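Numbering (our numbering), first residue to last: 384 to 1031. Beta carbons: idealized from backbone N, C-alpha and C, even for Gly. This one's a predicted model, so the numbers in the text were calculated from it and none came from an experiment.
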Amino acid sequence: MAVVPPPISNGTGLHPPRDEVLQHYEEFKASRINPLGSAQYIELEAAASQRFEALAEDPWVDHAAINAQTPTLKDGDDVKIIILGAGFGGLLYGARLVEAGFRPEDIRLIDTAGGFGGTWYWNRYPGLMCDVESYVYAPLLEETNYMPKHRYSYGTELKEQADRIAQKYGLTGFFRAYVESATWDDQRKRWAIKVEENRGPGQDKVHLTVYAQFVISATGFLNHPKVPNVPGLENFEGEMFHTARWNYRVTGGSPEDPSLTRLKGKRVGIIGTGATSIQATPELAKWAKELYVFQRTPSSVDVRGQRETNVDEWTSKIATHKGWQHDRCDNFLQWSVGLNPGEEDLVNDGWTHALSYIGFMGAPHDKPIQPEEVPNHIARLLAIDEDIAEQKRQRIAKLVKDPETAKALTPWYPTWCKRPCFHDDYLPTFNLPHVHLVSTLPRGIERGTSKGLVVNGKEYELDVLIFSTGYRPPGAGQAEPGSMGNMQFVGRDSLTMSKKWQTKGASTLHSFLTHDFPNLFLGGYVQIGNGQHATYIMDLKAQHLAYMLAEAHKGVKDSQRLTMEATEDAEEAWSQDVAKHAAWFAAYSICTPGFATNEGEDLKPLSLEETLRKARAAPHAQGLINFRDVLRRWREAGNMAGVDISTP
């Protein structure tokens, strides 16, 4: 079933953007092109500056408490299943495996953090909340019998849900641990995992090797904070930190009580206006004497509609039957891509009205888009986008009183180019007399000084500098599975995953298994259905993985040497199918550089060989619903097609 309407010329009622809008798009894209690409940034953990490197340290961990506990992993331990990552992804894998019959004591989750939660462990900045409705976003609400306090849960509550899941399913974590490599031992039928444990200041790091029959990668992609690579930043004499490591010692308050009392009388600068800054800026404005918001690319900001959960509504309209969360997620997904399910839009928020975001997510379509069809494909997406984009532009003009500020806050790019934001207080914040928007176009921040920042020749003196500048893009390192975890997978015959990706391109069966890497289950967002709803994707993969492992163990008396991997033919067939439909994402060619385009590096001209290899690493362009159906049909076939299972 085709979601994207047919060409505009046949009377669908869609209207293409006006010429002046398209001109704005082109001009803004041109103003954002930077030949440095990802080199515009420095990752904190890899920074040459000790000051920047220190900003990556964990501010939440209690080293003394963890050191006093009995280690959950020791050198030489052999564990059946090791999950790399203890965020919602890792927890969902663990939970679904326990439900499938695997023992919790046979599962370990390894994470660099000091506890469960992933992005909700690291991010604890004031104003933090999920931007997808919590009734569909927060995992396993039905299984944990939990009702979120708000329509969009705040960060502390989501961290609590992570801990609640771990407790319910008896999952054990090994924390403060950096996985350096995982190497397949074909004699032992085990993965040898080299781990470095950070025991805190003044303590020697512990190096250990542990073994696992099965390894599941769930490292996520919001885990390498970065800052602008401009001269002089490290010379700033005031306080500085990244939003992913919020420093309440500097600001006052806590994750539970965002009273930023220590900012009284202070000049505060925050660099960045993405999804994090949208939430943190209104909180900073409540306390700072002067707040300077340094903006390169304005976000698209629509209504959030935050409110407390109504208990009566929860019991009578939301959590009404077994499987309610699955059904609500399904309803949300169908409305988000324009597949009206013939029933009420249950979530009915900005996401279910942002249909053009299918430019990012993909959507069901009848046949692959051919090169000559790309211009018309983009034109149709632009036509779908125009009404909602214009409404957002008008909303800015209505809410922001100063015309010049409103103009600077107006996004001139299609919705699919940058994750849309939703917030009720962000735009009105710029009406406050002590809040100043500073556009860094066209040259960006020129340099840092001991007193502050220089933009377009003007120095802005600050007492506190906050980086809301994001993370390493998921497409970095050719989206190779080990890259986001800064680790190396070494498979059969010493083949490294990075070498396989460099020579063949991404190669998986349905994004889960890859040939020559037995018993390794891949995470990440390569070759899967994409969406705005990350936890649904994680749970979809977790349930499918649990099925695969459980099926492989059926009827096996001694599973200690059981192995499973994708056949070469199966992974090639899936990779070719992904590549065949990848032209859907040619819509990014008109986008500004950013997170989704690997800071513009994915927009550069490529050779034919590079283009074909890149196409294999695309998401499944038929979208998340179609991807879900592919997995369901595969399970229903009941023959584990394309998986080579061995019990020597």
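(request) Report the partner residues of Ala949 according to the DSSP bridge assignment. (result) For this step, residue 949 is matched to residue 566 along the sequence shown. Beta-bridge pairing links Ala949 to Val1026.
(message) Between the region 461-469 and the region 599-606, can you find at least three pairs of beta-carbon atoms closer than 8 angstroms?
(response) The region 599-606 vs the region 461-469: in contact.
(message) In the DSSP output, what is Lys577 paired with across the bridge?
(response) As a first step, residue 577 is located in the sequence shown; it is residue number 194 there, counting from the start. Ser564 and Thr592, per the DSSP bridge assignment.
(request) Identify which residue in Leu456, Val847 and Leu554 has its Cα closest to the Cα of Gly477. (result) Mapped onto the sequence shown, residue 477 falls at position 94. The shortest C-alpha to C-alpha distance from Gly477 to any of Leu456, Val847 and Leu554 is the one to Leu554.
(request) Note down, one range per segment and in chain order, each alpha helix (DSSP H) of at least 4 residues found wholly within the region 477-562. (result) Fully enclosed alpha helix (DSSP H) runs of 4 or longer: 502-505, 517-520, 524-527 and 538-552.
(request) Look at Gly1006 and Gly585 and say whether their C-beta atoms are less than 8 angstroms apart. (result) Locating residue 1006 in the sequence shown gives position 623, where the first residue counts as 1. Locating residue 585 in the sequence shown gives position 202, where the first residue counts as 1. No, the Cβ-Cβ distance between Gly1006 and Gly585 is not below 8 angstroms.
(request) Classify Gly831 as helix, strand or coil using the three-state DSSP reduction. (result) Residue 831 sits at position 448 when you count from the first residue of the sequence shown. Per DSSP, reduced to three states, the secondary structure at Gly831 is strand.
(message) When you compare the region 802-820 with the region 670-689, are there three or more beta-carbon pairs, one atom per stretch, that lie closer than 8 angstroms?
(response) The region 802-820, when compared against the region 670-689, does touch it at the 8 angstroms Cβ threshold.
(request) May I ask which residues mark the beginning and end of the alpha helix (DSSP H) holding His760? (result) Start at 1 with the first residue of the sequence shown, and residue 760 comes out as number 377. Per DSSP, His760 belongs to the alpha helix (DSSP H) from Val757 to Leu782.
(message) Whole angstroms are fine: how far does the CA of Arg875 sit from the CA of Lys887?
(response) As a first step, residue 887 must be located in the sequence shown, where it is residue number 504. As a first step, residue 875 must be located in the sequence shown, where it is residue number 492. Roughly 16 angstroms separates the two Cα atoms.
(request) Assign Arg679 to buried or exposed, taking buried as 16 or more other Cβ atoms, counted over all protein chains shown, within 10 Å of its Cβ. (result) The residue you call residue 679 lines up with position 296 of the sequence shown. Taking all protein chains in view, the Cβ of Arg679 is crowded by 16 or more other Cβ atoms within 10 Å, so the residue is classified as buried.
(message) Please classify Gln550 as buried or exposed, where buried requires at least 16 other C-beta atoms within 10 Å of its C-beta.
(response) What you label residue 550 is simply residue 167 of the sequence shown in a count that begins at 1. With fewer than 16 neighbouring CB atoms inside 10 Å of its own CB, Gln550 falls in the exposed class.
(request) Check the C-beta distance from Gly510 over to Ala663 and give it rounded, since I have them as a contact under 8 angstroms. (result) Sequence index remark: in the sequence shown, residue 510 carries index 127 (1-based). Sequence index remark: in the sequence shown, residue 663 carries index 280 (1-based). Gly510 to Ala663, Cβ: 5 angstroms. Contact.
(request) Let me know the secondary structure DSSP gives Met384 once reduced to three states. (result) Position 1 of the sequence shown, counted from the first residue, corresponds to residue 384. Note that Met384 scores 36 on pLDDT, short of 50, meaning its location in the model is unreliable; the coordinates nonetheless yield the value given after this. The answer is coil: DSSP assigns Met384 none of H, G, I, E or B.
(request) Put Lys705 into one of helix, strand or coil per three-state DSSP. (result) Locating residue 705 in the sequence shown gives position 322, where the first residue counts as 1. The three-state reading of DSSP puts Lys705 in coil, since its state is none of H, G, I, E or B.
(request) Between the Cα of Val720 and those of Val519, Trp967, Asn981 and Gly914, spot the shortest distance and give me the residue it belongs to. (result) Working through the sequence shown from its first residue, we reach residue 720 at position 337. Comparing Cα-Cα distances from Val720 to each of Val519, Trp967, Asn981 and Gly914, the minimum goes to Gly914.
(request) With DSSP collapsed to three states, give me the class of Cys804. (result) In the sequence shown, residue 804 corresponds to position 421, counting from 1. Note: Cys804 maps to strand in three-state DSSP.
(request) Would you mind working out which of Val730, Gln708, Leu616 and Gly725 sits nearest Phe715, comparing C-alpha positions? (result) Numbered from 1 along the sequence shown, position 332 holds the residue referred to as residue 715. Among Val730, Gln708, Leu616 and Gly725, the Cα nearest to that of Phe715 belongs to Val730.
(request) Assign Arg628 to one of two classes, buried (16 or more other C-beta atoms within 10 Å of its C-beta) or exposed (fewer than that). (result) Residue numbering aside, residue 628 sits at position 245 when the sequence shown is read from its first letter. Arg628 should be labelled buried.
(request) Have a look at Arg962 and Arg573 and give me their C-alpha separation to the nearest angstrom. (result) Along the sequence shown, read from residue 1 onward, the residue named residue 962 stands at position 579. Along the sequence shown, read from residue 1 onward, the residue named residue 573 stands at position 190. One detail in the question is off: residue 962 reads as Ala in this sequence, not Arg. Whole-angstrom Cα-Cα distance: 32 angstroms.
(request) Give the DSSP bridge partners of Pro611, in chain order. (result) To locate residue 611, count along the sequence shown from 1; it is residue 228. Paired residues: Tyr424.
(message) What does the alpha-carbon distance come out to for the pair Ile1028 and Phe904?
(response) Position 645 of the sequence shown, counted from the first residue, corresponds to residue 1028. Position 521 of the sequence shown, counted from the first residue, corresponds to residue 904. Here the C-alpha atom of Ile1028 lies approximately 14 angstroms from the C-alpha atom of Phe904.
(request) May I have a chain-ordered list of the beta strand (DSSP E) segments no shorter than 3 residues that lie completely inside the region 427-482? (result) Unbroken beta strand (DSSP E) stretches of 3 residues or longer found wholly inside the region 427-482: 461-467, given in chain order.
(message) Along the chain, where does the alpha helix (DSSP H) containing Tyr408 start, and where does it finish?
(response) Taking the sequence shown and counting its residues from 1, the one referred to as residue 408 is at position 25. Asp402 to Arg415 is the extent of the alpha helix (DSSP H) around Tyr408.
(request) Give a yes or no on whether the C-beta atoms belonging to Ala565 and Val598 are separated by under 8 angstroms. (result) Counting from 1 along the sequence shown, the entry for residue 565 is found at position 182. Counting from 1 along the sequence shown, the entry for residue 598 is found at position 215. In this structure, Val598 lies closer than 8 angstroms to Ala565 by Cβ.
(message) Please report the distance separating the alpha-carbon of Phe411 from that of Pro976.
(response) Walking along the sequence shown from the start, residue 411 turns up at place 28. Walking along the sequence shown from the start, residue 976 turns up at place 593. Going from the Cα of Phe411 to the Cα of Pro976 covers about 10 angstroms.
(request) Return the CA-CA distance between Tyr504 and Pro399, expressed in angstroms with no decimal places. (result) Reading the sequence shown from its first residue, position 121 is the one you call residue 504. Reading the sequence shown from its first residue, position 16 is the one you call residue 399. When rounded, the distance between both Cα atoms is 43 angstroms.
(request) Please report the Cβ distance between Gln596 and Asn902, rounded to the nearest whole angstrom; I am assuming they are in contact, meaning their Cβ atoms lie under 8 angstroms. (result) Position 213 of the sequence shown, counting from 1, holds the residue named residue 596. Position 519 of the sequence shown, counting from 1, holds the residue named residue 902. The pair is a contact, with the Cβ atoms about 6 angstroms apart (cut-off 8 angstroms).
(message) What would DSSP say about His893, mapped onto helix, strand or coil?
(response) Taking the first residue of the sequence shown as position 1, residue 893 is located at position 510. Annotated three-state conformation of His893 is coil, per DSSP.
(message) Can you list, in chain order, the residues of its chain with a C-beta nearer than 8 angstroms to that of Val1026? Leave out the 5 residues immediately preceding and following it.
(response) Your numbering for residue 1026 matches position 643 in the sequence shown. Excluding five sequence positions before and after Val1026, the CB atoms of its chain that fall closer than 8 angstroms to its own CB belong to Leu892, Leu896, Met931, Ala935, Met947, Glu948, Ala949, Thr950 and Ala953, given in chain order.
(request) Please report how far the alpha carbon of Pro390 lies from the alpha carbon of Arg802, in whole angstroms. (result) For the purposes of this step, residue 390 is taken as residue 7 along the sequence shown, with counting starting at 1. For the purposes of this step, residue 802 is taken as residue 419 along the sequence shown, with counting starting at 1. Since pLDDT at Pro390 reaches only 38, below the 50 mark, its modelled position is unreliable, and the value read off the structure follows with that caveat. Using only the alpha carbons, I get a separation of about 26 angstroms.
(message) Nearest by alpha-carbon distance to Pro747: which of Val481, Tyr971 and Arg1011 is it?
(response) Against the sequence shown, residue 747 aligns to sequence position 364. With respect to the C-alpha of Pro747, the residue from Val481, Tyr971 and Arg1011 having the closest C-alpha is Arg1011.
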